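Working notes for the structure below.
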Amino acid sequence: MTLVGAASTGSSALIRARLSSWSLAAIAAGAVAVTAVLFAATPMQGRVAFVLVAAVLYVVAQTTVSALVEGRRRAKDRLVTSIVVACSCAAVLPLVAVLGFTIAKGTAVLSGSFLTHTMRGVAEQDANGGIYQAIIGTLEQVGLATLMAVPFGLLVAIYLVEYSSGRLGRFVSFFVDVMTGLPSIVAGLFIFALWILALGQSFSGFAGSMALTVLMLPTVVRSAEEMLKIVPDGLREGSYALGIQKWVTVVRIVLPSALAGIVTGVMLAIARVTGETAPLLVTVFGNPALNFNPFSGAQASLPLFVFSEAGLPNETAVNRAWAAALVLILIVLALNVVARVLARLASVRS
Amino acid sequence: MAKNVQMKDVDIYYGKFHAVQGVNLSVPPHAVTAFIGPSGCGKSTVLRTINRMHEVIPGARVEGRVELDGEDIYRPGVDPVEVRRAVGMVFQRPNPFPTMSIRDNVVAGLKLQRVRNKAQLNEVTERSLRGANLWNEVKDRLGKPGGSLSGGQQQRLCIARAIAVQPDVLLMDEPCSALDPISTLAIEDLIGKLKQDYTIVIVTHNMQQAARVSDRTGFFNLPAADKPGRLVELDDTEKIFSNPAEKATEDYISGRFG
Ligand SMILES: Nc1ncnc2c1ncn2[C@@H]1O[C@H](COP(=O)(O)OP(=O)(O)O)[C@@H](O)[C@H]1O
Ligand SMILES: [Mg+2]
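So the protein lines, in turn, are chains A and B. Residue numbers for the first sequence, in numbering that gives the first Met the number 0: 0 to 349. Residue numbers for the second sequence, in numbering that gives the first Met the number 0: 0 to 257.
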């Protein structure tokens, strides 16, 4: 009875007044206008402050109006939504800023010749010179580290998920956790003490890649472990039930099912160590000239190059650092894209 | 070659937990034997001892004898992998290998045992898919992923996969419980056909299904909440459903509990 009556008068209990999008736009315009007046009338100034004040005014006004028109529940909803959106923007902002800044600064020096020349015989104030030696060094060091860390880490993950039961498994798992938190400089010092001081080897790209391996290993193990764990047991049992041995099941059924995720994890691990500087300082050392051989003698690397050039009291050197940083970011970005494509390809069947 | 299955004084454990006690039974070849009973009474557990899948679970073990044509599959030295080649299994949830095509799913057992002969693999694919009443539906898309099929087709694909390695016995653990009625009917038809070549043991929670497809029916029960499950009786399906020897069976069949 009441429902029918309410519907006929057009004010059903199910329908509430709502703020339309134009009224929200009006509130926003009002907030900006009030802010402009405030900035003109008071000593407040600055673009960042303007945006902040306008945003706060908008949220307050919107919530108040909403509380009056739409009721408390929707007002709270609007308030929380605004806060969440603002936080998301704030989180992305530094990333965008870093990227934008690096692109703006880096492109000034970046050129074909910058990518194909070394710093051999180039003084800090000279405009020529390049990062060829550092690109080669980084690719070789990270490549070697990947070659060592991925098979090793994958086998550990397979052991942990498919074979271990009991003490050894828990022990290994615990140490992988501890290694995850290892400061990268400690990894570098460890290789420095072991390989260079104790075993008397020289600085080399390989020494650096060993330090990077130490850093990559826990990431690879953990991500591969997580991916292997989510392969349903039903697949393993389906395979055993066909009379397929356990190791064949692991290699042919479990690993391919987890491949997409494992590839992504490996790529993220690579991306992470590509930017490592500290462990390379004490193992690779840095080198202005090209050294193709990662197994002997000091090598250059992109993060080391950025570090050393950025510390020089000279504009051209600092610009080179920005350009090298941009190249580093692009390499990591490319790795991420490759990871996505590979993951997509690997999971085509499912 | 269909073989008979015998269990003699079989006790089954999950670690310390005694799941099933004192099972004695005989399953004839070229027939369908159904296991029925309330859930949790150990039907799946018993089924999984017949192909030594039970021991895949950490801490799980079996006591007593399980014989395949008189050969104890639990005596020392028996390789569980060999047992599983002789005793195939189909699970409750269809579990085709997601990274493989339909064709590769069917011949997975052979391929992973290093059969490489193309002609042989193709022949087995067709024979097994025909055997699983699936050939006509998938013959034009054998290269598509196994996961692209409907649930009922996936289950028949899993049956094709199981019979591709030519087992002696085929175990099915509630093979229709995740399927719609039409797919269920297709699988039931298939079971009737498969018993010409295999010994079939099927677990089902659906008594009508047991009555429709099986020649023999075993009723499992939990005597009390914290007691191990038991096989109450195993007899011709007709007899179990019309005139069971035990009161507990009659109560269950007539829906008085469970
Ligand atoms: N993986 C397992 N670990 C421990 N206990 C289990 C496991 N699987 C089943 N059980 C127990 O064994 C008993 C029998 O289970 P199950 O054979 O699955 O029963 P049913 O198939 O008849 O429903 C139940 O009490 C169940 O809780
Ligand atoms: Mg069950």
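Ideal Cβ placement from N, Cα and C applies to all residues, glycine included. Predicted model only: the values in this text are computed from it and were never measured.
Annotated as proximal: Leu-188(A) and Val-281(A), with beta-carbon spacing under 8 Å. Not flagged as an interface residue toward chain A: Pro-174(B), since no C-beta distance is shorter than 8 Å. Closest in C-alpha terms to Val-58(A), from the list Ala-32(A), Ala-39(A) and Ala-27(A), comes Ala-27(A). Closer than 8 Å to the CB of Leu-193(B) there is not a single CB belonging to chain A.
Annotated as proximal: Ser-300(A) and Leu-279(A), with beta-carbon spacing under 8 Å.
When Cβ-Cβ separations below 8 Å define contact, Met-0(B) makes no contact with chain A. Within 9 Å of the CB of Arg-83(B), the CB atoms of chain A belong to Tyr-239, Ala-240, Leu-241, Gly-242 and Ile-243, in sequence order along the chain. Under the DSSP assignment, Gly-128(A) falls outside any beta strand (DSSP E); it carries neither an H nor an E label.
Excluding the 5 residues flanking it on each side, Ser-201(A) has same chain C-beta neighbours closer than 8 Å at Ile-195, Ser-295, Gly-296 and Ala-297, in chain order. Judged by DSSP secondary structure, Ala-59(B) falls within the beta strand (DSSP E) whose first and last residues are 59-67.
Within the stretch 107-127 of chain B, the residues whose Cβ lies closer than 8 Å to some Cβ of chain A are Ala-107, Gly-108, Leu-111 and Gln-112, listed in chain order.
Taking the CA atoms as reference points, Ala-186(A) sits about 29 Å from Ala-316(A).
Chain A has a Cβ within less than 8 Å of the Cβ of Arg-160(B). With respect to the C-alpha of Tyr-13(B), the residue from Arg-102(B), Leu-156(B), Arg-47(B) and Glu-66(B) having the closest C-alpha is Arg-47(B). Cα atoms of Val-121(A) and Met-99(B): separation of roughly 57 Å, rounded to the nearest angstrom. Within chain A, no residue has its CB atom less than 8 Å from the CB of Met-171(B), the nearest being about 11 Å off. As the crow flies, the alpha-carbon of Thr-34(A) is around 42 Å from that of Asn-335(A). Around Asn-135(B), no beta-carbon contact reaches into chain A at under 7 Å, the shortest distance being about 23 Å.
For Gly-87(B), the neighbours in chain A by C-beta distance under 8 Å run, in chain order, Ala-240 and Leu-241. By the CB criterion at 8 Å, Pro-79(B) and Arg-51(B) fall inside the cutoff. If the five residues before and after Leu-37(A) are omitted, its C-beta is found closer than 8 Å to the C-beta atoms of Met-43 and Val-52, all from its own chain and listed in chain order.
The criterion of a C-beta distance shorter than 8 Å is not satisfied by Glu-69(A) and Val-55(B). Shown here for Glu-62(B): same chain residues with a beta carbon closer than 6 Å to its own, the five before and five after excluded, namely Asp-10 in chain order. Buried is the label assigned to Ser-238(A), since at least 16 other Cβ atoms lie within 10 Å of its Cβ. Phe-96(B) and Gly-130(B) do not touch by the CB rule: their CB atoms are close to 19 Å apart, not below 8 Å. Between the beta-carbon of Ala-18(B) and that of Pro-227(B) there is about 6 Å, and that keeps the pair under the 8 Å contact cut.
The C-alpha of Met-147(A) is placed about 49 Å away from the C-alpha of Ile-201(B). In the same chain as Leu-181(A), and ignoring 5 residues on each side of it, the C-beta atoms closer than 8 Å to its own belong to Val-213, Leu-214 and Pro-217, in chain order. In its chain, beyond the 5 residues on either side, Val-89 and Ile-201 have a beta carbon closer than 6 Å to the beta carbon of Met-171(B). Of all residues in the stretch 16-38 of chain B, none has a C-beta nearer than 7 Å to a C-beta of chain A. Sorted by position in the chain, Tyr-13(B), Ala-18(B), Ser-38(B), Gly-39(B), Cys-40(B), Gly-41(B), Lys-42(B), Ser-43(B), Thr-44(B) and Ile-56(B) make up the residues whose C-beta lies under 5 Å from a heavy atom of ligand 1. Proximity of the beta carbon of Asp-232(A) to ligand 2 is not indicated: no heavy atom of the ligand is located closer than 7 Å. Put simply, of Pro-27(B), Gln-207(B) and Pro-243(B) the residue whose alpha carbon is nearest the alpha carbon of Ile-199(B) is Pro-27(B). In this chain, Met-0(B) is not harboured by any alpha helix (DSSP H), its DSSP state being neither H nor E.
At a cut-off of 8 Å between C-beta atoms, Val-80(B) counts as an interface residue with respect to chain A. Residue burial is scored here from C-beta neighbours: Gly-254(B) has fewer than 16 other C-beta atoms within 10 angstroms and is therefore classed as exposed.
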